[in-house]
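Scroll down for the structure; my scribbles are underneath it.
Residue numbers (mature numbering (1 follows the signal peptide of the UniProt record, and there is no 0)): -22 to -1, 1 to 611.
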């Protein structure tokens, strides 16, 4: 009898030991202690949640599993206890926290073939005496002078209650005083507290209390926020470049693209900019074939409150694998995560049919160059289906018109009507839409924004110039060498020159005050030359209003000379010289009548000048024809 009693006691003891150390003996994959702690005070509700039910751990959608909670000290399994404990799969609710509940809680997740272990820690602090709120506070800044908000840090608890279809309510307090919704400058905004016209008086502690009924027990959980009012602020960043566009490039060449971001606000913004593709983020390691440069804060022009930031994506050599992929510029900030992208496509010839015709002309010995423009324009008219509809590329204008004073020659004075006459001819007769500064600018828009946004929204830039546009006496006398450095004389003040040139420092050595005589002209030239010579993302059409002598050409900026030599210029003055020859063959009265007629008119759209201009302008492509009933809406 005695021996059987001893045996029974031994079996009971061994069973108890097995229960106490069961989760210790299992050979489970251990995910250790969660980094995030749960903080609470006596009387509150605490929620502990295991993160093992995740696709990163196992395929929980197809593999069956069960979860058990254990007390790490006693090793006992935790089950629901009315009024105190509620276990619901991966979530453990302690409905009325006491100081004794502080400690670690272990989760064991078992599948048919494996098990996983993780610990969660609950820290219970005494309620602070003589003050309201919680002893541990979350810091959140408020921006002075704007409408800002505080976010309640109880989002996990609210989401879990919503998954149970359990209703809950939020109450806000400032210090010990309750905040009523819609009173003063406060407004409840979902899980946030919106504060209108933040001032220094809004500094202090705020507590959000979530109240609900769970397991038949009405409980609450609270978090306290320490709010500081800051004079510096940043709003949602704006990505100006890239613009979700497609760029033509050739394999084997180098290529670079800028991400240009404007952050409205006051003070230095806390913003991170990254380039990424389908495989992830690019590094700043310059030894890599494709890498990004460190982001840079650009000097400000003072016309708008905010900061300009840029970073570059560099391809030391383009390969086939780089094409037809989206390259995304992603901006990280506490106000949002805007992004824009671009993709690369192979630069192709005009078309197989035109190529065949050119080969035919060469083989048969016929000269092709005099007829090149005629053939190309005819092919565009005859086969528009071979060209993409440019209306779908997101651009607003076919060309941005940049023209420069002074205007001295007869040809230039006639073109002085450029904003009206050219827009009428090119817009109506040639079916192009132009942007002209002074006519199409938005009222009150900052100059830098106007130039950047409208050039970005244009398919071409028409750069109109005369000999005096680049060779005024003030510029030639203040510059001892033709190196395109910015002169301190001229019509722009020094500060404007510095701001504009610094904002585009990559190309300011190529185009500067010598190219543009005022701030807007300088910005136009810098932006245009940068895109055509550095990025290759834009085409600039040079329109020469008067004949340029070799001596005058030698004083042109190097960037303009290079572009003129590379692609040539559309010469208005040749048309004018032809008209002068006609006048010498007429009587005096007829010549005077011809002069009066042409003083207010441009040449016919069928003239050589307009044909050359249309040749360099974007191809219209196959247009979408809408029903007549829709066209009149």
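No residue lacks a Cβ here, since even glycine has one placed at the ideal position from N, Cα and C.
### Selected residue, minimal CA-CA separation from residue 70, among 149, 296, 527 and 56
Counting from one through the chain shown, the residue named residue 70 turns up at place 92. Checking every option, the nearest Cα to that of residue 70 belongs to 56.
### Query
Do you know whose CA, among 140, 145, 33 and 16, lies nearest residue 115's CA?
As a working mapping, residue 115 is identified with position 137 in the chain shown. With distances taken between Cα atoms, residue 115 lies closest to 16.
### Task
Have a look at 133, 89, 156 and 143 and flag the residue whose alpha-carbon is nearest the alpha-carbon of residue 110.
By 1-based counting over the chain shown, the position of residue 110 is 132. Answer by Cα proximity: 156.
### Task
Could you spell out where the beta strand (DSSP E) holding residue 538 opens and where it closes?
As a working mapping, residue 538 is identified with position 560 in the chain shown. From DSSP, residue 538 is part of no beta strand (DSSP E) but of the alpha helix (DSSP H) over 536 to 545.
### Through-space distance from residue 546 to residue 516, alpha-carbon basis
Taking the first residue of the chain shown as 1, we reach residue 516 at position 538. Taking the first residue of the chain shown as 1, we reach residue 546 at position 568. Answer to the nearest angstrom: the Cα atoms are 16 Å apart.
### Proximity to residue 195 [Cα-Cα], best of 21, 214 and 349
Translated into the one-based positions of the chain shown, residue 195 becomes position 217. For the residues 21, 214 and 349, the minimum Cα distance to residue 195 belongs to 21.
#### Entry: Integer-rounded CB distance, given that residue 320 should sit under 8 Å from residue 220
Taking the chain shown and counting its residues from 1, one reaches residue 220 at position 242. Taking the chain shown and counting its residues from 1, one reaches residue 320 at position 342. Residue 220 to residue 320, Cβ: 4 Å. Contact.
### Message
Between 551, 99 and 595, which has its C-alpha nearest residue 18's C-alpha?
### Response
As a working note, residue 18 is residue 40 in the chain shown. Selected option, being the one with the closest Cα: 99.
### Task
Can you give me the start and stop residues for the alpha helix (DSSP H) that residue 589 sits inside?
In the chain shown, the residue the question calls residue 589 occupies position 611. It spans 586 to 594 - the alpha helix (DSSP H) in which residue 589 sits, taken as one unbroken run.
#### Entry: Reduced DSSP category for residue 130 - H, G, I as helix; E, B as strand; rest coil
As a position in the chain shown, residue 130 is number 152, starting the count at 1. Reduced to three states, the DSSP call for residue 130 is coil.
### Query
Per DSSP, what kind of secondary structure is residue 59 in: helix, strand or coil?
For the purposes of this step, residue 59 is identified with residue 81 of the chain shown, where counting begins at 1. Residue 59: strand per DSSP, three-state reduction.
### Query
What does a CB cutoff of less than 7 Å around residue 549 pick up in its chain, not counting 5 residues either side in sequence?
Here residue 549 refers to the residue found at position 571 of the chain shown. Beyond the five residues adjoining it in sequence on each side, residue 549 comes within less than 7 Å, by CB distance, of 522 in the same chain, given in chain order.
### residue 420 and residue 375 closer than 8 Å at C-beta
Here residue 420 refers to the residue found at position 442 when the chain shown is read from its first residue. Here residue 375 refers to the residue found at position 397 when the chain shown is read from its first residue. For residue 420 and residue 375, no; Cβs fall outside 8 Å.
### Task
Return the chain-ordered list of same chain residues with a C-beta closer than 6 Å to the C-beta of residue 166, the five sequence neighbours on each side being excluded.
Along the chain shown, read from residue 1 onward, the residue named residue 166 stands at position 188. Once the five neighbours on either side are set aside, the close Cβ partners of residue 166 are 159.
### Task
Report buried or exposed for residue 260, applying the criterion of at least 16 other Cβ atoms within 10 angstroms of its Cβ.
Position 282 of the chain shown, counted from the first residue, corresponds to residue 260. Buried, because 16 or more other Cβ atoms sit within 10 Å of the Cβ of residue 260.
### Query
Where DSSP assigns a beta bridge to residue 103, which residues make up the other side?
The residue labelled residue 103 in the question sits at position 125 within the chain shown. None, per the DSSP bridge assignment.
### Query
Does DSSP classify residue 299 as helix, strand or coil?
In the chain shown, residue 299 corresponds to position 321, counting from 1. Helix.
### Query
Can you list, in chain order, the stretches of the beta strand (DSSP E) that have 3 or more residues and sit fully within the region 23 to 77?
24 to 27, 44 to 49, 63 to 66 and 69 to 72
### Member of 446, 380 and 409 whose CA lies at the smallest distance from the CA of residue 433
The residue you call residue 433 lines up with position 455 of the chain shown. That would be 380, whose Cα lies nearest to the Cα of residue 433.
### Query
Based on the DSSP output, what are the partners of residue 225 in its beta bridges?
Start at 1 with the first residue of the chain shown, and residue 225 comes out as number 247. In the DSSP output, where bridge partners are listed per residue, residue 225 has 322.
### Query
Just reading off the alpha helix (DSSP H) that residue 503 is part of, what are its end residues?
Within the chain shown, residue 503 is the residue found at index 525, counting from 1. That run of the alpha helix (DSSP H) goes 497 to 507.
### Limits of the alpha helix (DSSP H) - the one that residue 80 falls within
On the chain shown, residue 80 is found 102 positions in, with the first residue counted as 1. No alpha helix (DSSP H) holds residue 80; DSSP gives it neither H nor E.
### Query
Helix, strand or coil for residue 114 per DSSP?
Here residue 114 is taken as the residue at index 136 of the chain shown, counted from 1. Coil, per DSSP.
### Message
Between which two residues does the alpha helix (DSSP H) holding residue 427 run?
### Response
To locate residue 427, count along the chain shown from 1; it is residue 449. Element bounds for residue 427: 425 to 434.
### Query
Below 8 Å, can you find three or more Cβ-Cβ pairs linking the region 234 to 250 to the region 210 to 224?
yes
### Query
In its own chain, which residues sit with a C-beta less than 6 Å from the C-beta of residue 441, not counting the 5 before and 5 after it?
Along the chain shown, read from residue 1 onward, the residue named residue 441 stands at position 463. Excluding sequence neighbours, residue 441 sits near 380, 518 and 520.
### Short Cβ contact (8 Å threshold) for residue 201 with residue 186
Locating residue 201 in the chain shown gives position 223, where the first residue counts as 1. Locating residue 186 in the chain shown gives position 208, where the first residue counts as 1. Yes; because the gap between Cβ atoms is below 8 Å, this pair is in contact.
### Query
Does the Cβ-Cβ distance between residue 502 and residue 444 come in under 8 Å?
Here residue 502 refers to the residue found at position 524 of the chain shown. Here residue 444 refers to the residue found at position 466 of the chain shown. At a Cβ-Cβ threshold of 8 Å, residue 502 and residue 444 do not count as neighbours.
### Query
Taking the continuous beta strand (DSSP E) assigned at residue 216, which residues delimit it?
Taking the chain shown and counting its residues from 1, one reaches residue 216 at position 238. Unbroken beta strand (DSSP E) run through residue 216: 216 to 219.
### Query
Just curious, the alpha helix (DSSP H) that residue 274 is in, first and last residue?
Position 296 of the chain shown, counting from 1, holds the residue named residue 274. Here residue 274 belongs to no alpha helix (DSSP H); instead the beta strand (DSSP E) covers 274 to 276.
### Query
DSSP on residue 526, reduced to helix/strand/coil?
Within the chain shown, residue 526 is the residue found at index 548, counting from 1. Three-state result, residue 526: coil.
#### Entry: Local Cβ density within 10 Å of residue 147, reported as buried at 16 or more and exposed below that
Start at 1 with the first residue of the chain shown, and residue 147 comes out as number 169. Exposed, by the Cβ-count rule.
### N- and C-terminal bounds of the alpha helix (DSSP H) containing residue 353
Mapped onto the chain shown, residue 353 falls at position 375. Residues 350 to 360.
### Exposure label - residue 91; buried when at least 16 CB within 10 Å
Within the chain shown, numbered from 1, the residue matching residue 91 stands at position 113. So residue 91 ends up on the exposed side.
### Task
Compare the C-alpha of residue 49 against each of 191, 30, 352 and 96 and name the closest.
Against the chain shown, residue 49 aligns to sequence position 71. Of the candidates 191, 30, 352 and 96, the one whose C-alpha sits nearest the C-alpha of residue 49 is 96.
### Query
If you count every other CB in all the chains shown that lies within 10 Å of the CB of residue 448, and 16 or more means buried, which is it?
Residue 448 sits at position 470 when you count from the first residue of the chain shown. With 16 or more other Cβ atoms within 10 Å, it is buried.
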